[in-house]
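First the structure, in the form of structure tokens, and then the observations on it.
Numbering (the working numbering), first residue to last: 1 to 93.
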């Protein structure tokens with residue numbers, strides 16, 4: 001894992017709606033980690049925070065900074081939310 005993966009994730013996550021939807025549909029953090037690995041962008045929480053700080057420092061205006069802060073909040077809420085149960089088919093009686 002590298003900070004570059006986290007930087008790539010931030011860029012892709014802000015621009016790739018399909019990736020965001022895939023992550024939002026994951027059943028919990030292990031599934032999120034698997035998606036990131038499949039996308040070749042695994043990273044640690046510390047690497048994400050380092051990448052976020054670096055990107056925030058490079059923002060050229062307030063709107064870029066606000067968009068980045070909103071993305072970070074989305075990510076933190078996503079990874080810290082309780083695992084969503086996988087829907088099981090209802091058995092007929």
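Ideal placement from N, C-alpha and C gives every residue a C-beta, glycine not left out.
CA-CA distance, residue 32 to residue 49, rounds to 17 Å.
Sixteen is the threshold: since fewer than 16 other Cβ atoms of the shown chains lie within 10 Å of the Cβ of residue 57, the residue is exposed.
In summary, residue 80 is exposed, with fewer than 16 beta-carbon neighbours lying within 10 Å of its beta-carbon over all protein chains present. Using a C-beta cut-off of 8 Å, the stretch 3-23 makes contact with the stretch 36-54, since at least three inter-stretch Cβ pairs fall below that distance. Just so you know, the alpha carbons of residue 75 and residue 64 end up roughly 17 Å apart.
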